[in-house]
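My numbering numbers the first residue of the sequence shown as 1328 and each following residue consecutively. Each residue gets a CB set at the ideal place from its N, CA and C atoms; glycine is no exception. The structure presented is a predicted model; accordingly, all values stated were derived computationally and were not measured. Take a look at the structure set out below.
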Amino acid sequence: MALPLLDYKPTTQNHRVRSFGIADQNEDTPYIYRVEDANSPAEIQELIWAAYRQVFSEHETLRINRQTQLESQLKNRAITVRDFIRGLAKSERFYEMVVSVNNNYRLVDICLKRFLGRSSYNKEEQIAWSIVIGTKGFYGLVDALLDSDEYTDAFGDYIVPFQRKRMEGRPFNLVTPRYGDDFRETAGTVKTDWRFTLDQFYSRKSKERQLREGDPRKYADMAASINNKGNYAQRVSAFDLDYLSLVPSRGRK
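Rendered as structure tokens:
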């Protein structure tokens, strides 16, 4: 018996606000690719490139990631854009690049960004969708997201997903999702990859070289190496002074 999706709520009211609209066009407003607007082979190819950029997070589409059979079906209108996105998400390349190198929580956040155009609301939503992965598998998560009411209302069958909710920063679909700290520690990359070892070894020295001349932080090692034992200030009392020895001999009687 499949478990129902857990209830979760947005953390703030800002999550419910439409981030983009016709009235506030600016440089951050995304270009919407619709299959209805693709009236030439060049335009349908641009739509396909936009789908690759959204799903695979590529600035330039790599030949190894292309799914030519899906492209041909979309060009012939045999499948919808939603089906094309579904095929890319379930491809072997996407599994190798994204699914296999992330834990479930991070994978949920990435999939929400790629397929629904927004980041996860909070940890509760990540847990809810992670249960879907645990019960239905990753392909079940893809179907649940692409067949959801949110996806249908935002993109339907003929629009390439785009970033709808931008709380801060530039488009997050062009951020490489691989090799987080947790993955490197689990896979042993930190111990085996010489680049991480050199970075940890030289990080402190490189930071010191970047400091300006005269910065006290550059002399932290020198200050720590000074042995201050026994170098206490001398305690001198007035009773310890020999005043007669300080008076010139001519003044004595």
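Bridge-paired residues (DSSP) for residue i
i, result
"Ile1486", "Arg1361"
Same chain, Cβ closer than 7 angstroms to residue i, five either side skipped, listed in chain order
i, result
"Tyr1546", "none"
"Gly1348", "Note that Gly1348 has pLDDT 44, beneath the 50 cutoff, so the model's placement of it is unreliable and no number is given."
"Leu1468", "Cys1438, Trp1456, Val1459, Ile1460"
Residue i vs residue j beta-carbon contact at 9 angstroms
i, j, result
"Ile1371", "Leu1401", "yes"
"Val1487", "Ile1412", "yes"
"Asp1470", "Lys1463", "yes"
"Val1428", "Ser1447", "no"
"Leu1439", "Glu1452", "yes"
"Tyr1358", "Phe1489", "yes"
"Tyr1662", "Thr1388", "This structure cannot settle anything about residue 1662, because the visible part of the chain is limited to 1328 through 1580."
Own chain partners of residue i with C-beta closer than 6 angstroms, once the 5 adjacent residues on each side are dropped
i, result
"Asp1334", "none"
Proximity winner among the options, relative to residue i (alpha-carbon distances)
i, options, result
"Ala1369", "Pro1357, Glu1385, Glu1398", "Glu1398"
"Arg1445", "Leu1374, Ala1481, Arg1390, Glu1385", "Ala1481"
"Tyr1360", "Thr1388, Arg1409, Pro1543, Asn1403", "Arg1409"
"Met1305", "Asn1366, Tyr1432, Ser1384, Asp1364", "Since the first residue shown for the chain is 1328 and the last is 1580, residue 1305 is missing from the structure and cannot be characterised."
"Asn1430", "Ala1405, Glu1540, Ile1454", "Ile1454"
"Asn1403", "Ala1365, Ser1418, Trp1376", "Ala1365"
Integer-rounded CB distance, given that residue j should sit under 8 angstroms from residue i
i, j, result
"Val1362", "Arg1441", "Between Arg1441 and Val1362 the Cβ distance is about 19 angstroms, and since that is not below 8 angstroms, they are no contact."
"Leu1415", "Gln1394", "6 angstroms"
"Leu1472", "Tyr1466", "With 8 angstroms as the limit, Leu1472 and Tyr1466 do not qualify as a contact, their Cβ atoms being about 11 angstroms apart."
Spatial neighbours of residue i in its chain, beta-carbon cut-off 8 angstroms, leaving aside the 5 residues before and after
i, result
"Ile1391", "Arg1420"
"Val1426", "Leu1434, Phe1465"
"Gly1483", "Arg1409"
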